[in-house]
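Taken in order, these protein sequences are the chains called H and G.
In case it helps, this note's numbering puts the first sequence at residues 659 to 790.
In case it helps, this note's numbering puts the second sequence at residues 2 to 561.
Beta carbons are placed, not taken as given, at the ideal position from N, Cα and C, and that holds for glycine.
Notes to accompany the following structure.
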Amino acid sequence: MWNKTRKKKILIVDDEEDFTKLIKLNLERTGKYEVKTENEGSLGLAAAREFKPDLILLDILMSNMEGGEVASQLKDKEDTKNIPIVFLTAVATKKQVEEASGIIGGHPFIAKPVTVEELIDCVEKNIGENPS
Amino acid sequence: MHLIFRWSQGNLDIVFFIYGLAFVVMGICIWAQPRKESNFRIARILWLLAGFGLVHGINEFLDMWAIIKSGSPALNAIRSVVLVFSYLFLFEFGRRLLHTYKQKSPERITKLFGWQLTLIVGLTVFTIGFISSDFWKIVGIWARYLLGLPSGLLVSFGFLVHYKYLKKELEPLRVNKYFFIASLSFLVYGILGGVVVPKADFFPANVINTDTFLSVTCIPIQGFRTVCALIIAWAVCGILRIFNWETVEKLKIELIERRRTEEKLQGTYDDLEIRTKELTKANELLRVEISERVKAENELKNAYTKLEETQDQLIQAEKLNAVGQLASGVAHEVRNPLAIILQGVNYLENRISTKESDISETLIMLKDSVKRAGRIINDLLDFSRGANLGLQPEDINSILESSLDLVKARLKFENIDIILETKKDIPFVLGDKNKLEQVFINILLNAIQAMPGGGKIIIRSYDKELEEIKNGIGKRAQDNFQLGEKAVIVEIEDTGCGIPEENLKRIFDPFFTTKGPTGGVGLGLSVTRNIIHMHRGLIFAESKAGEGSKITFLLKMVQR
Chain H
659 MWNKTRKKKI
669 LIVDDEEDFT
679 KLIKLNLERT
689 GKYEVKTENE
699 GSLGLAAARE
709 FKPDLILLDI
719 LMSNMEGGEV
729 ASQLKDKEDT
739 KNIPIVFLTA
749 VATKKQVEEA
759 SGIIGGHPFI
769 AKPVTVEELI
779 DCVEKNIGEN
789 PS
Chain G
2 MHLIFRWSQG
12 NLDIVFFIYG
22 LAFVVMGICI
32 WAQPRKESNF
42 RIARILWLLA
52 GFGLVHGINE
62 FLDMWAIIKS
72 GSPALNAIRS
82 VVLVFSYLFL
92 FEFGRRLLHT
102 YKQKSPERIT
112 KLFGWQLTLI
122 VGLTVFTIGF
132 ISSDFWKIVG
142 IWARYLLGLP
152 SGLLVSFGFL
162 VHYKYLKKEL
172 EPLRVNKYFF
182 IASLSFLVYG
192 ILGGVVVPKA
202 DFFPANVINT
212 DTFLSVTCIP
222 IQGFRTVCAL
232 IIAWAVCGIL
242 RIFNWETVEK
252 LKIELIERRR
262 TEEKLQGTYD
272 DLEIRTKELT
282 KANELLRVEI
292 SERVKAENEL
302 KNAYTKLEET
312 QDQLIQAEKL
322 NAVGQLASGV
332 AHEVRNPLAI
342 ILQGVNYLEN
352 RISTKESDIS
362 ETLIMLKDSV
372 KRAGRIINDL
382 LDFSRGANLG
392 LQPEDINSIL
402 ESSLDLVKAR
412 LKFENIDIIL
422 ETKKDIPFVL
432 GDKNKLEQVF
442 INILLNAIQA
452 MPGGGKIIIR
462 SYDKELEEIK
472 NGIGKRAQDN
482 FQLGEKAVIV
492 EIEDTGCGIP
502 EENLKRIFDP
512 FFTTKGPTGG
522 VGLGLSVTRN
532 IIHMHRGLIF
542 AESKAGEGSK
552 ITFLLKMVQR
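See below:
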C-alpha cells in the first residue's frame, strides 16, 4: 500500500532554468510525482545516481554536455542503466518525431513545445519501477 | 708553157684580179668568222691577217688598175704605201703568232721580238727610201726585203708551231693539214714576194728580180704568186673551221648542260609533286585534327556550361544549407521559450479559476498562439531543409499510393472519391521518396480542403515526350527539360472551388495563403515547389474558379 501511493521520482535535465521550474511545478501539482531539476548535463549523472529517479527527462542540445552523451553515461553505470529516459527536445520537429514513431536512439522522444497533458501521457507510458 | 706565157702576158690584169680577189676574200672570210668568244689564242690576232688580206688584195687591185689604166706617179706612190702597210700587218701577225707560245721559247728571244721590232723595221724601210733617189720604188723593194720575206717566214714558222701545239686538240677536226699547208704556202709566198723584187741597180735586186724570173720560167712571178695566194686563202679558210668546230663544241656542251638541267628540273619537279602530295596529306590530317579539336572544344564548352550549372546548384544548395542550419538554430532557440510559455499557461490554467470566460479565453488564445508559432517554425524548417535531397530511382506510383494512405483517414471523413489513372510499369523517377510524399500529401490536403462538401480527386501518372515549349521546357541549357525529352508526368485534379485567376500565379509564393490566420502559414506550396525544383522537375497549376484545379508535375526519368 505504501508502495502504491509512493510518489514517482522524475529527474529533468535541461539547461533552460525557467522550463525546468515550470515542469516541476506542473508535475508536482498533480501530486503523483516528485521532481528534481538539474540544469547542467555534466551533473546529470551524479544527480541520477543520488536521486535514483523512476524516469529521466533529458534535453538533447545543452551547452555543457549533450543529452546523448549523458544518456550513454547513464547506460554505462550499473545503478543507472535501467532507468528509462525520455528525450525532451527542441531540436526536432513533431513531424520528425512522428516519423521516427517517437523513438530516437532507442529512447522515447517528445518535441517542444509540449502541453502538460502530453507530457504526463508520455511519462506514464514510459515510467518504470525503481526498486530502490 | 708557151701558151701560159702568152696568155698571162696578155691578160696580166685578169691575173692580178684573181690575185687580189684571193686575198680580199680571205680577209673577208676571216673578218666574217665569229671568233669573239673563242678560246683559241690565234683568234685574237687573226684580225691582223685579215688586215693583211684586205690591204694586200687592194694592192693587187691597184696593180691591176695600173695595167688597165696605165701607171702614174701618184698611183705608184699609193701602191707602195699600200704594199708597205699590208706587209706591216703580216709582219705583226707573224710576230704575235710566235709570241703566243712565248712560254715555250727562251726569255731573250721573246724580248727580241717585241712590238717595237715592227716599228723599227717599218721606219728603216722608209729611211732607206728617203735616202735614195726613187723614194717609192726603193721603199717598195726594201719593204719586200725587210718586211715581206721575214713576215712570210714568221707566219710560216708560226703556223707550224701552232700546228704542233694544237695537234692533239685539232686532230679530230682534221684541220692539221690546213695549218701545214698554210705554213708551207706562206713560206713560198714569202720567198716569192720578198726575194723576187722589181729590178734595181743594187745587190741583190740586180741579180734576182722579176725580169730574171720571167726569163728563167717564162711565167711572170705574179702567176706563181696568184697560185700561192689561192692556196693561202684556201688553207686559211680551212683553218677558220676550228671556230666552227669550237662553236659546235660549245653548242654540244650547252646542249648537254641543258639536258642535265632539264633532268635536274624534272627531278625537282618530281620531288615537288611528292612534296605536294605529302603536304596535301598533311593538310588533310590537319583538317581532321582541327575538326576533332573543334569537336573537343565544343564538348569542353558543354562540359563547362554543365559545370557552371552544377556550380550554381551547389551554391544554391549551400545557401539553403546555411539557411537550414540557421533555421535549425533559430528553431531551437525559439522553441525553448515557447515551451516555457506553454508550460506556464498550463500551470495558470490549473491555478487560476476559469469560471470567468475572459480568463479561460485568454489562456486559450495564449495556447493557440504558441501552437501557431510552433507550426511556423516547423514549416520554416521544412522550407529550408529542401537541400537535403536523397535521390534514388523510385516508382512514382508507389509513392502516390503511400501518400494516399497517409491522408486516407481525412478522405473518408470528407466524403471524397479517389480515381487512380496510373500507368502500369511507368519508368522510374529520380527522387527523394519522403520529400515527394510530403509534396503529394500537401497537394492532396489542399484538394481536400477545397472540397468541403465532398467531390472527386483524380490522380494520373504517365510518361510522355515533351513537345511544347513552356516555362522550363525548351532548347536552352538552363531549361529543366529539353524539347523532345521524355519525362514522367503526375496530375492531381480536384472538383473543388478552384483558384481565382488573380491568385493563380501567386499560389507558389512563400507565405501566400487564402486560408486565413487559423489555416496554414502559406508555406506548403512554396515548399512543394522548392522540393520539385530540387528534383530538377517542374510544377504547373491550372484552375477554373468554381470547377476545380489541376496540379501537374514533371519529373526526371531514369531507365529501369
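**Study point:** Inter-residue CB distance, I233 of chain G and A183 of chain G (contact presumed, cutoff 8 Å)
**Key:** Locating residue 233 of chain G in the second sequence gives position 232, where the first residue counts as 1. Locating residue 183 of chain G in the second sequence gives position 182, where the first residue counts as 1. With 8 Å as the limit, I233 of chain G and A183 of chain G qualify as a contact, their Cβ atoms being about 7 Å apart.
Review point. For the stretch 491–500 of chain G against the stretch 541–557 of chain G, are there 3 or more C-beta pairs whose distance is under 8 Å?
Key: In short, these stretches touch, since the Cβ pair count reaches three.
**Study point:** Cutoff 8 Å: T647 of chain H Cβ touching any chain G Cβ
**Key:** There is simply no residue 647 of chain H to check, as chain H begins at 659 and stops at 790 in what is shown.
**Study point:** the stretch 120–127 of chain G / the stretch 59–66 of chain G touching (three or more Cβ pairs under 8 Å)
**Key:** Counting C-beta pairs with one atom in each stretch, the stretch 120–127 of chain G and the stretch 59–66 of chain G have fewer than three that are closer than 8 Å, which means they do not touch.
Practice item. Verify the CB distance criterion: does F677 of chain H have a CB-CB separation below 8 Å to chain G? Key: Along the first sequence, read from residue 1 onward, the residue named residue 677 of chain H stands at position 19. By this cut-off, F677 of chain H is an interface position.
**Study point:** For P766 of chain H, the first and last residue of its enclosing beta strand (DSSP E)
**Key:** Your numbering for residue 766 of chain H matches position 108 in the first sequence. It spans 765–769 - the beta strand (DSSP E) in which P766 of chain H sits, taken as one unbroken run.
Review point. Listing by chain order, which chain G residues have their CB less than 8 Å from the CB of I668 of chain H?
Key: Against the first sequence, residue 668 of chain H aligns to sequence position 10. Within 8 Å Cβ-Cβ: nothing; I668 of chain H doesn't reach chain G, min ~14 Å.
Review point. Can you give the Cα-Cα distance for F41 of chain G and K168 of chain G, rounded to whole angstroms?
Key: As a first step, residue 41 of chain G must be located in the second sequence, where it is residue number 40. As a first step, residue 168 of chain G must be located in the second sequence, where it is residue number 167. If you draw a straight line from the Cα of F41 of chain G to the Cα of K168 of chain G, it is about 13 Å long.
Review point. Considering only residues of the same chain and omitting the five flanking positions on each side of F136 of chain G, which have a CB-CB separation below 7 Å?
Key: Sequence index remark: in the second sequence, residue 136 of chain G carries index 135 (1-based). Setting aside the 5 residues that flank it on each side, F136 of chain G is surrounded in the same chain by G130, each with a C-beta closer than 7 Å to its C-beta; the list follows chain order.
Practice item. Please list the residues of the stretch 680–710 of chain H that have a C-beta atom closer than 7 Å to any C-beta atom in chain G, keeping them in chain order. Key: When CB distances to chain G are screened at a threshold of 7 Å, the residues of the stretch 680–710 of chain H falling below it are L680, I681, L683, N684, R687, in chain order.
Point to revise | Exposure of I420 of chain G, with buried meaning 16 or more beta-carbon neighbours within 10 Å | key: Residue mapping note: residue 420 of chain G aligns to position 419 of the second sequence, counting from 1. Classification for I420 of chain G: exposed.
Exercise for review: State the beta-bridge partners of F429 of chain G as determined by DSSP.
Suggested key: Mapped onto the second sequence, residue 429 of chain G falls at position 428. Per DSSP, the beta-bridge partners of F429 of chain G are G:V559.
Practice item. For L713 of chain H, count neighbouring Cβ atoms within 10 angstroms of its own Cβ and tell me buried if that reaches 16, exposed if not. Key: Within the first sequence, numbered from 1, the residue matching residue 713 of chain H stands at position 55. Buried, by the Cβ-count rule.
Check your understanding: For D737 of chain H, does the count of other Cβ atoms within 10 angstroms reach 16, so buried, or fall short, so exposed?
Key -> Position 79 of the first sequence holds residue 737 of chain H. Counting C-beta atoms within 10 angstroms of its own C-beta, D737 of chain H has fewer than 16 neighbours from the protein chains shown and is therefore classed as exposed.
Review point. If you run the structure through DSSP and keep just helix, strand and coil, what is D135 of chain G?
Key: Here residue 135 of chain G refers to the residue found at position 134 of the second sequence. Note: D135 of chain G maps to coil in three-state DSSP.
Point to revise | Under the three-state DSSP convention, the category I718 of chain H falls into | key: Numbered from its first residue, the first sequence carries residue 718 of chain H at position 60. Coil, per DSSP.
Check your understanding: For S403 of chain G, which residues of its own chain have a beta-carbon under 7 Å away from its beta-carbon, when the five flanking residues on both sides are left out?
Key -> The count along the second sequence starts at 1 and reaches residue 403 of chain G at position 402. Closer than 7 Å at Cβ, skipping near neighbours: E438.
Point to revise | Contact residues within the stretch 360–375 of chain G, judged by C-beta distance below 9 Å to chain H | key: Those residues of the stretch 360–375 of chain G that come within reach of chain H (Cβ to Cβ, closer than 9 Å) are K368, V371, K372, A374, G375.
Check your understanding: So, helix, strand or coil for D779 of chain H, using DSSP?
Key -> The sequence position of residue 779 of chain H within the first sequence is 121, counting from 1. The answer is helix: DSSP assigns D779 of chain H an H, G or I state.
Review point. Using a beta-carbon distance cut-off of less than 7 Å, what residues from the stretch 712–727 of chain H approach chain G?
Key: Cβ contacts with chain G: L719.
**Study point:** Euclidean distance between Cα positions of K200 of chain G and L22 of chain G
**Key:** Counted from its first residue, the second sequence places residue 200 of chain G at position 199. Counted from its first residue, the second sequence places residue 22 of chain G at position 21. Counting only the Cα atoms, L22 of chain G lies some 26 Å from K200 of chain G.
Point to revise | Stretch-stretch touch, CB-based, cutoff 8 Å, three pairs: the stretch 23–33 of chain G with the stretch 235–254 of chain G | key: Proximity of the stretch 23–33 of chain G to the stretch 235–254 of chain G meets the contact definition, three or more beta-carbon pairs being nearer than 8 Å.
Point to revise | Residue environment, V728 of chain H, which counts as buried when at least 16 other CB atoms sit within 10 Å | key: Translated into positions along the first sequence, residue 728 of chain H becomes position 70. Classification for V728 of chain H: buried.
Review point. Going along the stretch 331–351 of chain G in order, which residues come within less than 9 Å of chain B, judged by CB to CB distance?
Key: The structure shown contains no chain B; the protein chains it does contain are H and G.
Exercise for review: Go through its chain and collect everything with a Cβ distance to L381 of chain G's Cβ below 6 Å, but skip five positions before and after it.
Suggested key: Residue 381 of chain G sits at position 380 when you count from the first residue of the second sequence. Here the set comprises A328.
Review point. First and last residue of the beta strand (DSSP E) that includes V217 of chain G?
Key: Along the second sequence, read from residue 1 onward, the residue named residue 217 of chain G stands at position 216. Where V217 of chain G is concerned, there is no enclosing beta strand (DSSP E), although the alpha helix (DSSP H) it sits in stretches over 211–218.
Practice item. Run down chain G in chain order and give the residues with a C-beta less than 9 Å from the C-beta of E674 of chain H. Key: Taking the first residue of the first sequence as position 1, residue 674 of chain H is located at position 16. Chain-ordered, the chain G residues with CB closer than 9 Å to the CB of E674 of chain H read N337, P338, A340, I341.
Exercise for review: Examine chain G for any beta-carbon lying closer than 8 Å to the beta-carbon of K770 of chain H, and answer yes or no.
Suggested key: One-based indexing of the first sequence puts residue 770 of chain H at position 112. Yes, its Cβ sits closer than 8 Å to a Cβ of chain G.
Review point. So what does DSSP say about G549 of chain G, is it helix, strand or coil?
Key: Position 548 of the second sequence, counted from the first residue, corresponds to residue 549 of chain G. In this structure, G549 of chain G counts as strand in the three-state DSSP scheme.
Exercise for review: Return helix, strand or coil for E696 of chain H, following the three-state DSSP convention.
Suggested key: Position 38 of the first sequence holds residue 696 of chain H. Three-state result, E696 of chain H: strand.
Check your understanding: Where do the ends of the beta strand (DSSP E) carrying Q439 of chain G lie?
Key -> As a working note, residue 439 of chain G is residue 438 in the second sequence. Looking at the DSSP string, Q439 of chain G is not in any beta strand (DSSP E); the run it does join, the alpha helix (DSSP H), is 434–451.
Exercise for review: Evaluate L4 of chain G with the Cβ neighbour count: other Cβ atoms within 10 Å of its Cβ, from every protein chain shown; 16 or more gives buried, anything less gives exposed.
Suggested key: Residue 4 of chain G sits at position 3 when you count from the first residue of the second sequence. Answer is exposed; the Cβ neighbour count stays below 16.
Check your understanding: Whose C-beta lies closer than 7 Å to the C-beta of L189 of chain G among residues of the same chain, with five residues either side of it excluded?
Key -> Taking the first residue of the second sequence as 1, we reach residue 189 of chain G at position 188. Reading off the sequence, residue 189 of chain G comes out as Val, not Leu. Counting only Cβ-Cβ distances below 7 Å, and skipping sequence neighbours, we find C229.
Exercise for review: Please state whether DSSP places Q34 of chain G in a helix, a strand or coil.
Suggested key: Taking the second sequence and counting its residues from 1, the one referred to as residue 34 of chain G is at position 33. Here Q34 of chain G sits in coil by DSSP.
Practice item. Could you check what DSSP says for A478 of chain G in three-state terms: helix, strand or coil? Key: Your numbering for residue 478 of chain G matches position 477 in the second sequence. Three-state DSSP puts A478 of chain G in coil, outside helix and strand.
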